[in-house]
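Here the structure comes first, spelled out in structure tokens, and everything after it is commentary.
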Amino acid sequence: MSLFWRIFTLNALVLGTATALLMSALVTVSVPVLLTEAIILLAGLAVMLVVNAILLRIGLAPLDRLTHLMSEVDLLKPGQRLSVPAKGDVAELIRTFNAMLDRLEAERATASARVLAAQEAERRRIAAELHDEVGQSLTAVLLDLKRAADRAPDPLRAELGQARETTRDSLDEVRRLARRLRPGVLEDLGLVAALTSLANDFAAHAGLEVTRHLEPGLPPLSRETELVIYRIAQEAMTNIARHAEATHAELALHDTPEAVVLDIVDDGQGIGPVREGAGIRGMRERALLIGAALDIRPGTASGTRVRLTVPTPEQGGKP
Numbered sequence: 001m002s003l004f005w006r007i008f009t010l011n012a013l014v015l016g017t018a019t020a021l022l023m024s025a026l027v028t029v030s031v032p033v034l035l036t037e038a039i040i041l042l043a044g045l046a047v048m049l050v051v052n053a054i055l056l057r058i059g060l061a062p063l064d065r066l067t068h069l070m071s072e073v074d075l076l077k078p079g080q081r082l083s084v085p086a087k088g089d090v091a092e093l094i095r096t097f098n099a100m101l102d103r104l105e106a107e108r109a110t111a112s113a114r115v116l117a118a119q120e121a122e123r124r125r126i127a128a129e130l131h132d133e134v135g136q137s138l139t140a141v142l143l144d145l146k147r148a149a150d151r152a153p154d155p156l157r158a159e160l161g162q163a164r165e166t167t168r169d170s171l172d173e174v175r176r177l178a179r180r181l182r183p184g185v186l187e188d189l190g191l192v193a194a195l196t197s198l199a200n201d202f203a204a205h206a207g208l209e210v211t212r213h214l215e216p217g218l219p220p221l222s223r224e225t226e227l228v229i230y231r232i233a234q235e236a237m238t239n240i241a242r243h244a245e246a247t248h249a250e251l252a253l254h255d256t257p258e259a260v261v262l263d264i265v266d267d268g269q270g271i272g273p274v275r276e277g278a279g280i281r282g283m284r285e286r287a288l289l290i291g292a293a294l295d296i297r298p299g300t301a302s303g304t305r306v307r308l309t310v311p312t313p314e315q316g317g318k319p
């Protein structure tokens, strides 16, 4: 029965019941209406309204659930679907909405993959330019300053030495930025070595005490999966350094029978309810690319915990 005929039938049943009572000898109406008759009529009207409201609430409950899901659905949290009734207009509407979510999630994943691939390509290009162009230029400046300092008188030699130190610091910073943009250690030595380098880098430059618990011998992971794990760890550590006001962070990577798990915990001020800024949404998009689950919540005592759970290939993750 369609939704129209369902509502029509409910109202017809209520009105038909009222008409039958009026036509029977059980209920009569005088002219003018007596007080007792008015009370009976008002009580009957109240009963009819309550019964009609209950029946309509039952009939329209699937639409209420659909409206609630439509207002809260988030494509970065896939899998939100409604159970479909056996038949009827509402069932067809819910099936159509679920199918629309399937298409939107697939298209979002494809678009995110293209965007992130272009972003990685741009990072590699910028890293190469920093290393080859800016790095070589600063190296040439260092050599020129050394030659000038060797020929300069003593008062000027000290100033040239200070300029050399400043240039050397700038060269080190350019190289560090190039490594962050294009993690060559990830390609050359693997994920554990790359995360170790990342933790050491943040400990040295952000003033954080970083504890590492990185298990060797992880299940084989694709290069895309390793890159996603590295980038999410990098973004989480960057957020700690910029916003958490933390003194200690813990970076852990281990495997379970079902998944590889990345845990990053800090002792900072915490985040309260998670604010879905560009950084967190980017982390969620990366996690979706490999079928992983990203959970961000307050830490046990203080601070924030970021957990990425990557299913192993046998459990449905990407090989």
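Residue numbers (the UniProt record's numbering): 1 to 319. No residue lacks a Cβ here, since even glycine has one placed at the ideal position from N, Cα and C. Fair warning: this is a prediction, and the values are worked out from it, not measured in the lab.
Can you tell me whether residue i is helix, strand or coil according to DSSP?
i    : result
T309 : strand
K318 : Residue placement at K318 cannot be trusted, given a pLDDT of 48 that sits under 50; what the coordinates show is reported in the next sentence. The answer is coil: DSSP assigns K318 none of H, G, I, E or B.
I94  : helix
A249 : strand
L218 : coil
T304 : strand
Which first and last residues belong to the alpha helix (DSSP H) in which residue i is found?
i    : result
L224 : For clarity, residue 224 is Glu in the given sequence; the question names Leu instead. E224 -> alpha helix (DSSP H) spans R223 to N239.
H205 : L191 to H205
So the beta strand (DSSP E) residue i belongs to, where does it begin and stop?
i    : result
R297 : A293 to P298
E209 : E209 to L214
I271 : Note, I271: premise wrong, no beta strand (DSSP E); not H, not E.
D267 : Note, D267: premise wrong, no beta strand (DSSP E); not H, not E.
Taking all protein chains shown into account, do 16 or more other C-beta atoms lie within 10 angstroms of the C-beta of residue i, making it buried, or fewer, making it exposed?
i           : result
I54         : exposed
L294        : buried
M283        : buried
M237        : buried
P257        : exposed
T300        : exposed
E92         : exposed
G217        : exposed
residue 321 : Outside the displayed span of the chain (1 to 319) sits residue 321, for which this structure offers no information.
F8          : exposed
Check whether chain E comes within 8 Å of residue i, counting only Cβ atoms and requiring the distance to be less than that.
i    : result
Q162 : In the structure shown, chain E cannot be found, because there is only a single protein chain.
Closer than 7 Å to a non-hydrogen atom of the ligand GDP - does that hold for the CB of residue i?
i   : result
L56 : Ligands are entirely absent from the displayed structure, and the ligand GDP is therefore not among its contents.
Can you check the stretch 115-156 for any alpha helix (DSSP H) of at least 4 residues that lies completely inside it and give the ranges in chain order?
-> 135-151
Determine contact between the stretch 248-262 and the stretch 211-221, defined as no fewer than three beta-carbon pairs at a distance below 8 Å.
-> Yes, the stretch 248-262 touches the stretch 211-221.
How about the stretch 159-179 and the stretch 135-150: do they share at least three Cβ pairs that are nearer than 8 Å?
-> yes
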